[in-house]
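Asker: Residue numbers (my numbering): 7 to 541. Yeah, the Cβ is synthetic: ideal placement off N, Cα and C, and Gly gets one too.
1) Where does residue 466 sit, in a helix, a strand or coil, going by DSSP?
2) Is it buried or exposed, residue 487, if we count other Cβ atoms within 10 angstroms and call 16 or more buried?
3) Mapping the DSSP letters down to three states, classify residue 587 as helix, strand or coil.
4) Helix or strand or just coil, what does DSSP make of residue 220?
5) Using DSSP's beta-bridge definition, name the partner residues of residue 389.
6) Under a three-way DSSP split, which group does residue 191 fall into?
7) Taking C-alpha atoms, which residue in 229, 75, 317, 359 lies nearest to residue 340?
8) Does the structure place the region 241-255 close enough to the region 204-213 that three or more beta carbon pairs sit under 8 Å?
9) Quick check: what's the CA-CA separation for residue 365 versus residue 239?
10) Pull up the DSSP beta-bridge partners for residue 264, would you.
11) Let's test the definition: count the other Cβ atoms within 10 Å of the Cβ of residue 234 and tell me whether it reaches 16, buried, or not, exposed.
12) Can you give me the Cβ contacts of residue 504 inside the same chain, cut-off strictly under 7 Å, excluding the 5 residues immediately before and after it?
13) Start and end of the alpha helix (DSSP H) containing residue 205?
14) In this structure, how does DSSP classify residue 17 when only helix, strand and coil are distinguished?
15) What number of angstroms, rounded off, separates the C-alpha of residue 307 from the C-alpha of residue 30?
16) Measure the Cβ-Cβ separation of residue 409 and residue 434 and say whether it is below 7 Å.
17) Below 8 Å on the Cβ atoms is my guess for residue 371 versus residue 349; work out the distance and round it to an integer in Å.
18) Leaving out five residues before and five after residue 450 in sequence, what residues of the same chain have Cβ atoms less than 6 Å from its Cβ?
19) Residue 412 and residue 389 look like a contact to me (Cβ under 8 Å); what is the Cβ gap, rounded to whole Å?
20) Residues in its own chain within less than 8 Å of residue 150 by CB, not counting five upstream and five downstream?
21) Would the beta-carbon of residue 199 fall within 7 Å of that of residue 98?
22) Quick check: what's the CA-CA separation for residue 155 versus residue 430?
23) What residues in its chain sit with their C-beta under 6 Å from that of residue 220, if we drop five residues either side in the sequence?
24) DSSP on residue 318, reduced to helix/strand/coil?
25) Nearest-angstrom Cα distance between residue 20 and residue 104?
26) Is the distance from the Cβ of residue 248 to the Cβ of residue 224 below 7 Å?
27) Kindly indicate which residue of 483, 298, 281, 455 has the alpha-carbon position closest to the one of residue 6.
28) Looking at the strands, I want to know which residues DSSP matches up with residue 343.
29) Within its chain, find whatever has a CB closer than 6 Å to the CB of residue 333; leave out the 5 residues flanking it on each side and keep chain order.
30) Keeping to the same chain, check which residues put their C-beta closer than 8 Å to that of residue 22; ignore five residues upstream and five downstream.
31) Put residue 273 into one of helix, strand or coil per three-state DSSP.
32) Would you call the CB atoms of residue 342 and residue 363 closer than 7 Å?
33) Return the first residue and the last residue of the alpha helix (DSSP H) that residue 488 is part of.
34) Using alpha carbons as the reference points, say which of 16, 287, 497 lies closest to residue 470.
35) Answer yes or no: do residue 202 and residue 44 have a C-beta to C-beta separation smaller than 7 Å?
36) Judging by CA-CA distance, which residue of 361, 439, 420, 440 is the nearest neighbour of residue 447?
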């Protein structure tokens with residue numbers, strides 16, 4: 007009996023020791039931590055390779071700079087990369103180490119169970135086996151209670167320890183949206199391991215929408231490779247963070263139709279990006295992109311693309327493969343030219359290229375027969391291609407703040423134009439097309455800050471014109487007083503002027519004919535009197 011009592015005391019002590027342990031990470035949390043560590047290793051290697059490439063380029067350019075100083079800079083940058091990677095690994099490494107220690111305890115509990123089990127060799131110890139089995143059962147129960155779903159979804163309790171990784175349940179429910187508006191969003195920043203855990207649980211739940219807009223702590227510069235597990239996600243928003251790179255596994259999101267990555271620090275996209283074959287809406291504005299991968303042309307379902315506020319100097323030829331693209335926003339870049347293949351984007355309805363360094367448009371622009379909006383203000387364009395007249399559906403054209411010297415007459419075939427802005431070409435633009443009156447749908451016309459002195463006669467046919475701006479333009483016809491009366495007053499003035507000129511010309515022509523006739527008759531009479539011609 008004494009031995010049995012002593013055994014029971016030992017088992018009770020084992021139970022107490024286990025109950026005093028911190029919460030055990032759930033399986034999903036351990037998987038998330040492992041994914042973070044794998045991503046951190048890959049990211050560290052990529053950053054170190056980037057440092058090496060930049061240093062090689064610096065060595066070629068930095069003439070006269072001490073080699074030792076450059077070596078110090080190289081080592082400092084490498085050390086900074088390793089330090090950041092270590093910081094990113096810290097929390098994940100803690101979870102992995104915690105699980106390793108728990109596995110050691112698992113083995114010890116199993117050993118104790120075998121020693122005191124009635125069916126085992128230690129059955130003579132009596133009674134202790136039941137208590138030991140209770141320890142094992144409690145261990146399994148605790149492991150179940152600490153499921154990762156609690157960390158990401160807040161639906162499974164983790165005993166009395168709260169929600170895993172410190173995630174607020176309300177915040178989580180708004181991150182994983184299944185048709186909700188997200189109005190219950192709670193301001194809570196997520197660490198890298200929390201993001202990885204959220205990805206794991208989202209993948210298991212079959213989440214279709216994930217909203218991480220502005221939700222990542224500032225230290226997160228990349229996403230874990232486990233992002234590729236979100237194969238049921240159709241909408242993903244990771245905008246307004248500080249992400250510098252996407253994992254190559256992003257190409258696995260085969261059902262993704264909408265991706266918003268605006269306002270991050272992306273410097274490139276992985277080659278696998280072109281595998282997002284279902285993608286329809288893509289927002290990349292306000293990043294640091296200078297180029298697109300060749301595979302980008304494989305995004306043949308893409309309809310809306312925003313590349314504004316990046317560092318593009320040229321768009322790749324593969325852009326022409328996006329035959330379903332309807333809206334392309336590429337303003338506020340450093341574009342110097344457009345590829346001729348832009349003409350192959352035959353579904354394009356809206357093209358915005360403001361605030362770039364464009365000097366001309368390719369002739370292929372005339373192939374965009376569905377184009378309705380074309381804006382080009384603040385560029386260096388000197389002229390428009392003659393093919394502009396082929397844009398028969400064009401409703402809005404803005405070439406203000408350029409260096410346009412002349413507008414081709416062919417533009418007057420774009421008879422759907424409603425809004426035309428050619429203002430602020432300053433000393434370059436001196437005349438409007440003579441056939442501008444063909445634009446019978448035109449409602450708004452701005453010719454401010456140019457050198458135009460006279461409106462063409464066909465201006466009288468612009469019956470729908472309701473807004474006309476000619477500020478700081480030295481117009482002589484019509485006079486400034488008429489312009490102040492409004493667009494239709496200007497149209498009427500030109501019409502009256504043309505009619506008056508026509509009447510005057512008709513009278514002049516009639517007078518000239520009779521004068522010629524009289525002179526001719528008088529000449530014949532004089533010849534008859536002189537006998538030069540028969541009477």
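Answerer: Taking the coordinates as given:
1) helix
2) exposed
3) Since the displayed the chain opens at 7 and closes at 541, residue 587 lies outside it and no answer follows.
4) coil
5) 412
6) Legend: pLDDT at residue 191 = 40, less than 50; position of this residue unreliable, no value from coordinates given.
7) 317
8) no
9) 42 Å
10) 241, 287
11) buried
12) 463, 466
13) 198-211
14) helix
15) 45 Å
16) yes
17) 6 Å
18) 425, 473
19) 6 Å
20) Here residue 150 scores only 45 on pLDDT, less than 50, and its place in the model should not be relied on; the value that follows carries that caveat. Contacts found: none.
21) yes
22) Unreliable placement is indicated for residue 155, whose pLDDT of 32 sits below 50; the coordinate value is still reported in the next sentence. Roughly 60 Å between the two C-alpha positions.
23) 246
24) coil
25) 19 Å
26) yes
27) Since the first residue shown for the chain is 7 and the last is 541, residue 6 is missing from the structure and cannot be characterised.
28) 320
29) 310, 356
30) none
31) coil
32) yes
33) 486-489
34) 497
35) no
36) 420
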